[in-house]
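Residue numbers (my numbering), protein chains in the order written: chain B, 1 to 454; chain V, 1001 to 1514.
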Amino acid sequence: MTDQGSSFVATRNACKMCTPLGACLAFSGVEGCLPFLHGSQGCSTYIRRYLISHFREPMDIASSNFDEQSAIFGGQNNLSIGLRHVLESYRPKAVGIATTCLSETIGDDVSMFLNEFRNEQAGNADVSIPPLIHASTPSYHGSHFDGYTEAVAAIVDTLAEGGKRQADLVNILPGIVSPADLRHLREIVSDFGLTPVLTPDYSERLDGPPWQQYQRIPDGGTPIDMIRRCGTAAASIQLGDTPTGRTAAGILADKFDVPAMVLPMPIGVRASDQMFAALENISGRPTPKQHADERGRLVDSYIDAHKYIFGKCAIVFGDEDFVVSTVGFLAEIGIQTVLCGSGGQSGTLKASIDQIEMGPSEPPRVIEGVDFEDLTEAADDVHADLMIGHSKGYKLARQLGIPLVRIGLPVHDRFGASRLLHVGYRGTQQLFDRIVNTLLEQRQDISEMGYTYL
Amino acid sequence: MREAIDILDARRRQVHTKGSQPFQLDCEKHSVAGSVSQRACVFCGSRVVLYPITDALHLVHGPIGCAAYTWDIRGAQSSGSQLHRMSFSTDLREKDVIYGGEKKCEAALIELIGRYRPKAAFVYATCIVGLIGDDLEAVCRRVTAQTGVETIPVHSEGFAGSKKDGYTAACAALDRLVGTSESPPPDGPSINILGDFNIAGETWIIRDYYERMGVNVISTITGDGRVDDIRRAHQAQLNVVQCSGSMKGLARLMKQKYDIPFVHVSYFGLEDVSKALYDVAEQFNDPAMMQRTTQLVRDEISAVMPQLRRYRDALQGKKAAVYTGGAFKAFSLVRSLRTLGVQTVIAGSQTGNPQDYQQLESLCDDGTVLLDDTNPLELAKFIDQTGADLLIGGVKERPIAYKLGVAFCDHNHERKRCLAGYEGMVNFANEVYSSVCSPVWSLSPRKRHAPPVKRSIGPGPLVTADAGLPLNTKAPQCPTAATVPSAGSDSHACGVCQLKAHCSGLAAQETETA
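Structure representation (structure tokens):
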């Protein structure tokens, strides 16, 4: 079987979601921004439902709601009506317009439509037009991760401006992580005395408090004024090195000469060290004591627990950046990844994993463009003690009779997905504790003695 | 409200407050662009109807999203094959869009049929298939010929109408299967159960009622559905159709082709499930069956009323908002809530038709807000305005309620708890109680100043009968407990739930017979 994609023509139980979903998630991380899908009503409704099942928060996504007429004659009229309606009812500070397979295939020129819409509305004193951000996200091209990357690039491309370099300003481009991760990243950067422009930042909007009054668009998100300043930052740190195509960091480097630092997602001590080193570099300060202490406690816990986990075998799956960093993290704690895969097809997954320092572990088998049936078949050839990935792996974990440690998205069969912390020393600590405890629990459960002391 | 939420001009005629002016509600319209409708698409309509056919292969022909978001998310159970829970997609890529997806679709079908040996295969056309012009009929014909497994296209291009059109496409696909098997029909009265999707085993509960009445169930379409049963569904003497619109199309086709009459029923709430059973018994005109039905209804109601009464004591006077996919479920919910002492202050649906809304309006009290194809902002506005304590809907509606400190009950297909039939009514009461009477609301900002809820049904299991209840099973006055309600019985009070006019609207339900 080839390790590029599947042996089957059909995709069976996909290990990915569609491009517009990623775009909607990214747009939800901009202050006052309403995601808007140019296509069928179903796309927005399905994506809303799917993201609500993970985040358990309101997730309003507008739709231009194509009918047969618009599919034949083009969707300009629907887009224009839809935009007028969302401006009236939601009063957004920005609208993030992502295309779907439908509007892309009929060849709608959305950029032109948006220009005409702006011109049309220019004479209307009652309506002020907020930034309209357009991401091209045909769902036959790439996965949700590519849609996310493209939308973040579009946000920065549309809003960022140049200007005098701000030594304390740093762009953080986090990849698809949890609200808890986003909060932690902001905290880390701020502790270095730096001002982060974290784009996107859905940490409040998708993990916020209950309300006194209904909010048209929930509070939170990267302030638009801050994104405008992106071009003046001292540097951009992109967390995750698998994206191909245009990226926000690349755009900022090209347009405004902001140095781009492309790092792995900071899961594990070594990957986190890279991020902390970058921040030391930019700020000229050492890692603040509280974070150095967290690192120390993390390494200490690695030592305390190493015999519980050494030599265990794992199957890892999910978004490519998550997979790469998780495999690296497992290698540094003595768990061998025997099989890993992603539904993504950037083509860089294998190369990124090949660069990982494996220590005593053998390199894993890597399958790009995998689906869960491919993974199930490949799992026949290996021994595994646990799986690490999102909820959709449960069927296989159950079949193999091994535990699943849930990370990433979607986590819709457990509670608290938004508060799962994965990144930095603190996130790694939580993930490490969860993995160790999962293995201890399993050991206890299968023990005839039922030890209370392990 | 920070600022009052206005209703878009284009939607004003889809909102009506009962009693404010003569009733009129626009409906069956394409959703307003930019309104953030809670509706899905044609594909969704077809997918929900056909999904529970457990031994068929379901291939979604299109890019990955449509298959990914419908993978194993529904609570439809199977007594055998689990094939329906697999998500198969042609996962179209750019080159397929340029050069056409027929070859990929055909290759995928042949390979999947070879691997999974389904009894039949459904191929769903998504938006893009309609655009690139793949000839799915031809593909399916070739695959059927090559594999011997009937392969049926479902014309469910997302943009080509609404969810309702997806129901029609699904019924057209099912119609190709019905009547293709000639095994000998069973002796005695027989029915097909249409429009129940076996969420949390509901079809099994309903089927058991009919079998206890002495009725044979030939097929269940589509809850726990089997291709071979559907093939011989034309042998039934009666189609019993639940749900607003999803399966009525098939019932109509079977009436035309095979002269099988149908009745329209609901299994939610004591009144509606009882009426369903009586209506079916009446169709067979058999006094012994009617006697068994009466006994069944009496036994079941006696078993659950004591528990329901305790829930009602806790819930009396609360106010609910109801927003469902089809309007028929909304009727049942308004009545079920009344049984629990809860008043409906907002009622609406995604796909109701004029007759549905007429009936819904007549069921509701003055001041109730009626909504067609609404959206989060309108729901929030009216929840705030009416002071609703509870929202009943699906996952998409849930955060609206929770953010406002309002209880929620999931009555959609993703739920994993049975809410149909008599025991389902107890579960429903428990669902509502568990949310409305939770202590957490007193910490929610919007409810902070409200006194903490002190309504408890008290300790003790909820399965034992409470001897003190005034339920009179020997001399029931309630049509749900002993007699079949007749047209015009709207105005009498119910002996079981002691609510006036609880039967209103029942007579208006469509009963089409031969």
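Glycine is no exception: its CB is placed at the ideal position from the N, C-alpha and C atoms.
Within the region 379 to 447 of chain B, the runs of beta strand (DSSP E) at least 3 residues long that lie entirely inside it are, in chain order, 386 to 389, 404 to 406. Interface annotation for the region 1088 to 1103 of chain V against chain B: Phe1088, Ser1089, Thr1090, Asp1091, Leu1092, Arg1093, Glu1094, Asp1096, Val1097, criterion Cβ-Cβ distance under 8 Å.
Comparing C-alpha distances from V:Gly1405 to each of V:Asp1259, V:Lys1029, V:Asp1009, V:Ser1435 shows the shortest one belongs to V:Ser1435. The alpha-carbon separation between B:Ile52 and B:Thr199 amounts to approximately 21 Å.
Using a Cβ distance threshold of 7 Å, B:Pro58 and B:Glu104 do not count as a contacting pair. The alpha-carbon of V:Cys1437 is positioned some 29 Å away from that of V:Ile1005.
Inclusion of B:Phe66 and B:Gly74 in the CB contact set at 7 Å is not warranted, their separation being larger than that value. For B:Met261, the secondary structure class from DSSP, reduced to helix, strand or coil, is strand. Contacts between B:His141 and chain V, judged by CB atoms closer than 7 Å, involve Glu1094 in chain order. Assignment of V:Glu1028 by DSSP, reduced to helix, strand and coil, places it in the coil class. Put simply, the CB of B:His134 is far from chain V, with every gap to its CB atoms at 7 Å or more. Here DSSP, grouped into helix, strand and coil, assigns V:Asn1216 to strand. Distance from B:His38 to B:Asp108 at the Cβ level is roughly 7 Å; contact confirmed, criterion being Cβ atoms closer than 8 Å.
DSSP places V:Ala1200 outside both helix and strand once states are collapsed to three, so it counts as coil. Only those residues of the region 1149 to 1178 of chain V whose C-beta falls short of 7 Å from the nearest C-beta of chain B are listed: Gly1158, Phe1159, Ala1160. Closest by C-alpha distance to V:Cys1041, out of V:Gly1062, V:Ile1206, V:Lys1163, V:Gln1283, is V:Lys1163. Straight-line measurement puts the Cα of V:Gly1249 at about 21 Å from the Cα of V:Glu1150. DSSP places B:Glu104 in the helix class (H, G or I) of the three-state scheme. Ranked by Cα distance from V:Gly1130, the first of V:Pro1184, V:His1061, V:Met1254 is V:His1061. Using a C-beta cut-off of 8 Å, the region 1011 to 1030 of chain V makes no contact with the region 1074 to 1085 of chain V, since fewer than three inter-stretch Cβ pairs fall below that distance. Collapsing the DSSP output to three states places V:Gly1421 in a helix.
In the same chain as V:Glu1102, and ignoring 5 residues on each side of it, the C-beta atoms closer than 6 Å to its own belong to Asp1134, Val1139, in chain order. Using a C-beta cut-off of 8 Å, the region 1393 to 1400 of chain V makes no contact with the region 184 to 203 of chain B, since fewer than three inter-stretch Cβ pairs fall below that distance.
Chain-ordered listing is empty here: chain V has no CB closer than 8 Å to the CB of B:Asp381, the nearest sitting near 19 Å. The region 353 to 361 of chain B makes no contact with the region 283 to 290 of chain B; the number of CB pairs closer than 8 Å stays below 3.
Within chain B, no C-beta atom comes less than 8 Å from the C-beta of V:His1058; the nearest is roughly 11 Å away. Closest option to V:Glu1157, judged by alpha-carbon separation, among V:Val1123, V:Gly1188, V:Pro1185: V:Val1123. Cβ neighbours of V:Pro1185 within its own chain (closer than 7 Å, five residues either side excluded): Gln1235. Around the beta carbon of V:Ala1033, a 10 Å sphere encloses 16 or more other beta carbons of the protein chains shown; the residue is thus reported as buried. When the five nearest sequence neighbours on each side are left out, the beta carbons in the same chain lying within less than 7 Å of the beta carbon of V:Leu1008 are those of Val1032, Ser1035, in order along the chain. Boundaries of the alpha helix (DSSP H) harbouring V:Arg1312: 1287 to 1315, taken from the DSSP string. V:Ala1303 and B:His141 have their C-alpha atoms some 57 Å from each other.
Contact annotation: V:Val1297 and V:Ser1274 have beta-carbon atoms nearer than 7 Å. Closer than 7 Å to the CB of V:Ala1120 there is not a single CB belonging to chain B. DSSP, read as helix, strand or coil, puts B:Leu173 in strand. The straight-line gap separating the alpha-carbon atoms of B:Ile224 and B:Pro218 is approximately 15 Å.
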